[in-house]
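Below: one structure, written as structure tokens.
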Amino acid sequence: MARGDVDSGASADLSPVIGDDPLDLRLSLASIVHWADSTGVRRDVMTKVAFPIDDMGMFLVVNQLSYNGAMRPVELSLALGMTPTNMSKIVGRLVQAGLTVRVAAPDDDRGVLVALTDEGRRIGERIMATADTNMAALLADWSPAELDDLRRMMARLARVHRRDR
1 MARGDVDSGA
11 SADLSPVIGD
21 DPLDLRLSLA
31 SIVHWADSTG
41 VRRDVMTKVA
51 FPIDDMGMFL
61 VVNQLSYNGA
71 MRPVELSLAL
81 GMTPTNMSKI
91 VGRLVQAGLT
101 VRVAAPDDDR
111 GVLVALTDEG
121 RRIGERIMAT
131 ADTNMAALLA
141 DWSPAELDDL
151 RRMMARLARV
161 HRRDR
């Protein structure tokens, strides 16, 4: 890669802004989120569950629906950081592939939800089983007490996050 117009580095601070405290919660959460959200991890799960189409957007929607149940397209867009137009296209491809279906929202006469079909649910079950296996391997050397503490603290953090949204 050509360097182009590069500063000599004399005035550049190359250290992270956050510092290097290994117990900094911000750093820990960012590391976990970036790892879990990485293309490599997602591709690995897609392979392990034999996702039928090489389409990351489609996989991410099936993943969201597996964790949350049926959702409005706008909720999926917000959760995945996609535009409503892109989400509409992805949902259309999922419907064509037989993995999702659009259904009427029970609480809104004009609303639509995206839900997993039986085949989509089978893939979702494989996603959850893979997540369980990956988590068990990651935490294999943790004691039962440590795992219980982690579960309780993460559940508490998630409750606070959901409440404050």
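Heads up, the sequence shown is in the UniProt record's numbering, so the first residue is 1 and it goes up one at a time. C-beta atoms are modelled at their ideal positions from N, C-alpha and C, and glycine is treated no differently.
* To do: Excluding the 5 residues preceding and the 5 following Val101 in the sequence, name in chain order all residues of the same chain whose CB lies nearer than 7 Å to its CB.
  => Val95, Ala115 and Thr117
* Going by CA-CA distance only, name the one from Ala140, Leu157 and Asp132 that's closest to Tyr67. => Asp132
* Using the C-alpha atoms, what's the distance from Val112 back to Ala104? -> 5 Å
* Asked: Among residues of its own chain, excluding the 5 on either side of Ala79, which ones have a beta-carbon nearer than 7 Å to its beta-carbon?
  -> Gln64
* Opposing strand residues paired with Ala115 [DSSP bridges] -> Val101
* Give the range of the alpha helix (DSSP H) segment to which Thr85 is assigned. => Pro84 to Gln96
* Asked: Considering only C-alpha positions, which residue in the set Pro16, Asp13, Val45 and Asp5 is nearest to Met135?
  -> Val45
* Asked: Over what stretch of residues does the alpha helix (DSSP H) that includes Ala12 continue unbroken?
  -> Premise fails: Ala12 is in no alpha helix (DSSP H) and is neither H nor E.
* Which residues DSSP lists as bridging Met128, in chain order -> Partner(s): none; Met128 has no beta bridge.
* Asked: Distance, Cα to Cα, Leu139 vs Glu125?
  -> 21 Å
* **With 16 other Cβ atoms within 10 Å as the buried cut-off, status of Ser77** => buried
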